[in-house]
Amino acid sequence: MKRRTFNLTVFCGTMAVLLGAVAGYAFLQPRLYQSAGRLLVGEGISIDESIEMAQSQEVLRRVAERVRKDEDLGFLNAYGLGNPASVTEIERLLIRDHVMTLNREARTIDVGYRHPNREVASRVAWYFSDEILAGEARRKIEEQMRIVDALVEVAKQQERKIEKIQLALVVYQEASETERRSSGEAERKLKADLLIEQQALEALIQRARASTMVGGFGVVPRYQFVGKPRPAWKDAYLREPIILNLARSVLGAGILSMGLGFVFKRPEDQPDRVRVWLRAIREGVRRPIGRREVFVFATVLLVGGTLAVMHALVQPRIYQSSVTVAVSESAKDYGWDTLSVSDLHGWLPVITQQVSRQFTRRPYAGPFLGLRMAGDDADWRVVDDRIHGNLQITVLPKSDTLTLSFRHEDFKVAGDVVDAFGRAYEAYPLRWESRNPEAMRRRMGKIKNPKLGLQPPPVRVVASGWATTGDYLRLPMIIRMGVGCALAAVCGVLAVIARRLVSLLAADCARRWKRGA
Numbered sequence: 084m085k086r087r088t089f090n091l092t093v094f095c096g097t098m099a100v101l102l103g104a105v106a107g108y109a110f111l112q113p114r115l116y117q118s119a120g121r122l123l124v125g126e127g128i129s130i131d132e133s134i135e136m137a138q139s140q141e142v143l144r145r146v147a148e149r150v151r152k153d154e155d156l157g158f159l160n161a162y163g164l165g166n167p168a169s170v171t172e173i174e175r176l177l178i179r180d181h182v183m184t185l186n187r188e189a190r191t192i193d194v195g196y197r198h199p200n201r202e203v204a205s206r207v208a209w210y211f212s213d214e215i216l217a218g219e220a221r222r223k224i225e226e227q228m229r230i231v232d233a234l235v236e237v238a239k240q241q242e243r244k245i246e247k248i249q250l251a252l253v254v255y256q257e258a259s260e261t262e263r264r265s266s267g268e269a270e271r272k273l274k275a276d277l278l279i280e281q282q283a284l285e286a287l288i289q290r291a292r293a294s295t296m297v298g299g300f301g302v303v304p305r306y307q308f309v310g311k312p313r314p315a316w317k318d319a320y321l322r323e324p325i326i327l328n329l330a331r332s333v334l335g336a337g338i339l340s341m342g343l344g345f346v347f348k349r350p351e352d353q354p355d356r357v358r359v360w361l362r363a364i365r366e367g368v369r370r371p372i373g374r375r376e377v378f379v380f381a382t383v384l385l386v387g388g389t390l391a392v393m394h395a396l397v398q399p400r401i402y403q404s405s406v407t408v409a410v411s412e413s414a415k416d417y418g419w420d421t422l423s424v425s426d427l428h429g430w431l432p433v434i435t436q437q438v439s440r441q442f443t444r445r446p447y448a449g450p451f452l453g454l455r456m457a458g459d460d461a462d463w464r465v466v467d468d469r470i471h472g473n474l475q476i477t478v479l480p481k482s483d484t485l486t487l488s489f490r491h492e493d494f495k496v497a498g499d500v501v502d503a504f505g506r507a508y509e510a511y512p513l514r515w516e517s518r519n520p521e522a523m524r525r526r527m528g529k530i531k532n533p534k535l536g537l538q539p540p541p542v543r544v545v546a547s548g549w550a551t552t553g554d555y556l557r558l559p560m561i562i563r564m565g566v567g568c569a570l571a572a573v574c575g576v577l578a579v580i581a582r583r584l585v586s587l588l589a590a591d592c593a594r595r596w597k598r599g600a
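Okay, structure coming up:
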């Protein structure tokens with residue numbers, strides 16, 4: 084009885100058909116685009132609490148209601164659902180495609196959404212960001228109303244005290260002259276108590292008025308909108324879902340093909356052409372390299388290496404400029420006694436935003452993005468992501484300095500970016516203080532000998548290393564050459580293997596032709 088073994092031909096054929104089918108299905112699926120808005124969490128606020136509030140059911144419900152009311156949005160068309168849809172169904176879709184990214188170091192939250200339509204993804208991401216800010220405003224108003232209600236109750240009690248004192252004064256004034264002479268001290272005490280209670284009532288009224296000033300001086304917002312969601316580029320669709328679908332499909336195809344290979348077995352003594360070919364290929368690979376194969380390998384390596392070197396040489400040079408900022412020596416003399424290098428690092432998200440805004444406008448946008456002509460203003464998100472991707476930060480606590488290094492293909496742009504960072508650091512403390520008069524008054528109270536005139540900035544630029552035309556980085560060029568030469572060597576090995584396979588195929592065809600003849 085012939086023993087039956089695994090059918091390799093069925094496995095390979097089924098695997099090839101399934102891989103072609105799943106690859107075609109994956110690439111024909113609608114592309115997903117992602118858009119996100121960036122929120123900056125204020126100092127002294129828990130990041131975990133902010134995330135919990137941003138992911139709350141109230142925010143999700145309000146976004147679902149706005150999506151349902153927006154008939155021109157076309158939210159449900161991509162999911163094969165028609166309007167109208169229930170709020171619960173929309174919430175289920177929002178939960179599935181809602182994306183939230185947290186950066187604890189920069190204290191930012193990216194609130195985004197994925198959708199096959201770029202405009203819809205941007206609009207829904209804006210709805211999420213707007214509802215988070217609106218929820219914060221509602222929370223602040225509720226807190227202020229609770230404070231006002233408590234102050235009103237205390238003010239009513241204060242008014243009752245004043246009425247009692249005024250009533251006692253009326254009784255005293257209606258008394259006889261003899262009684263008034265004997266109780267002169269009591270009259271003075273009543274008038275003093277009345278003045279004290281009236282001043283307390285006025286203070287309560289002032290506190291109630293101050294608590295109702297939403298966004299007044301000295302109020303630090305919990306969240307600040309530093310990045311508006313914008314539609315993604317047409318070619319900037321997400322590759323991750325495609326790769327995941329392909330991986331799952333390949334795994335399923337492999338399991339199914341393996342099962343079919345075990346089900347449709349074939350006798351052990353029957354020759355399996357695929358197995359014979361695999362054995363021939365294995366023996367051919369193990370065979371020592373010959374003279375002709377050395378010529379093939381050397382030719383491919385020489386041509387590929389030359390192309391790699393030429394490709395690396397014609398690539399744009401990468402220049403790096405840096406700027407070092409530190410706390411000024413005269414900062415303590417002007418009340419900045421608590422300023423340190425950790426504060427400089429904490430200002431970086433806001434300062435990066437200011438610098439990014441500068442390079443979205445003409446004429447800076449064109450050279451920064453590598454465009455020959457700068458038309459309209461550039462996309463802020465593109466500029467901000469590129470600055471974050473090419474910015475390096477070095478903090479030296481011993482010398483209280485912060486060094487920012489930026490890389491770019493244009494040495495002038497690299498210098499302009501670090502110069503913008505230096506000027507932004509010098510201007511930021513005074514600019515922030517101009518919006519917080521209470522902080523300015525506290526700082527001015529610390530100055531022992533105040534001097535008239537313009538105060539120097541508490542942050543100064545210590546060093547600025549601008550790149551010149553010959554100061555490009557050699558390491559990226561060397562890495563490109565090395566990777567190119569390695570690929571050329573791999574291509575040479577593959578060329579030798581391909582030559583051996585062709586020789587095997589030719590020999591097999593010759594044997595079959597002779598056998599047929």
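Read in order, the letters of the sequence shown are residues 84 to 600 in my numbering. Quick reminder that beta carbons are idealized off the backbone N, C-alpha and C, glycines included. Please read all numbers here as calculations on a predicted model, not as lab measurements.
Residue 182: which of 212, 160, 286 sits nearest, CA to CA?
-> 212
Measure the CB-CB distance between residue 116 and residue 315 and report whether it falls below 8 Å.
-> yes
CA-CA distance, residue 242 and residue 285?
-> 11 Å
Hey, out of 417, 502, 388, 430, whose CA is closest to residue 442's CA?
-> 502
Per DSSP, cross-strand counterpart(s) of residue 511 | DSSP, once it has assigned bridges, lists no residue as partnering residue 511.
Figure out for me which residue from 129, 332, 546, 326 has the closest Cα to the Cα of residue 100.
-> 332
Per DSSP, residue 475 forms a beta bridge with which residues?
-> 488
Apply the 10 Å Cβ neighbour rule to residue 515 and answer buried if 16 or more other Cβ atoms are within range, or exposed otherwise.
-> exposed
Residue 199 and residue 114: beta carbons closer than 8 Å?
-> yes
Measure the beta-carbon distance from residue 148 to residue 170 and round it to whole angstroms, keeping in mind my assumption that it falls under 8 Å.
-> 6 Å
Using the Cα positions of residue 250 and residue 240, report the straight-line distance between them to the nearest angstrom.
-> 15 Å
With DSSP as the reference, label residue 553 as helix, strand or coil.
-> coil
Residue 455 by DSSP, collapsed to three states: which one?
-> At residue 455, the pLDDT of 43 sits below 50, so the modelled position is not reliable and the matter cannot be decided from this model.
Integer Cβ distance of residue 423 from residue 410, believed to fall under 8 Å | 7 Å
Proximal residues to residue 296 (C-beta, below 7 Å), its chain only, five neighbours per side dropped = In this prediction, residue 296 scores a pLDDT of 49, lower than 50, which makes its location untrustworthy; no coordinate-derived value is stated.
Excluding sequence positions up to five away, which residues of its chain have a Cβ less than 6 Å from the Cβ of residue 228?
-> none
Taking Cβ positions, are residue 425 and residue 548 nearer each other than 8 Å?
-> no
What are the start and end residues of the beta strand (DSSP E) that includes residue 116?
-> 116-124
Alpha helix (DSSP H) containing residue 328: first to last residue?
-> 323-346
When the Cα atoms are used, what is the spatial distance from residue 299 to residue 221?
-> Low confidence applies to residue 299: its pLDDT is 39, below 50, so where it sits in the model is not reliable enough to give any reading.
Out of curiosity, what's the CA-to-CA distance linking residue 118 and residue 382?
-> 48 Å
Between 377, 508, 482, which lies nearest to residue 429 when the distance is taken from Cα to Cα?
-> 508
Is the beta carbon of residue 485 sitting closer than 8 Å to the one on residue 577?
-> no
Measuring CA to CA, which of 143, 562, 121, 491 is closest to residue 401?
-> 491
Alpha-carbon spacing of residue 596 relative to residue 375, whole angstroms | 26 Å
Could you tell me how far apart the beta carbons of residue 141 and residue 218 are, in whole angstroms, since I believe they sit closer than 8 Å?
-> 6 Å
Is the Cβ-Cβ distance between residue 137 and residue 192 less than 8 Å?
-> yes
Taking the C-alpha atoms as reference points, what is the distance between residue 194 and residue 496?
-> 31 Å
Per DSSP, what kind of secondary structure is residue 407 in: helix, strand or coil?
-> strand
Starting from residue 108, trace the alpha helix (DSSP H) both ways and give me its first and last residue.
-> 91-111
How would you label residue 205, buried or exposed, when you count the other beta carbons within 10 angstroms and need 16 or more for buried?
-> buried
With distances taken between CB atoms, is the gap from residue 504 to residue 487 smaller than 8 Å?
-> yes
Could you say if the segment 384-398 and the segment 558-571 meet the contact criterion of at least three C-beta pairs nearer than 8 Å?
-> yes
Secondary structure of residue 228, DSSP reduced to three states = helix
Around the Cβ of residue 90, are there at least 16 other Cβ atoms within 10 angstroms (buried) or fewer (exposed)?
-> buried
Using CA coordinates, which residue listed in 545, 472, 329, 215 is at the minimum distance from residue 604?
-> Residue 604 is absent from the structure shown; the chain starts at 84 and stops at 600.
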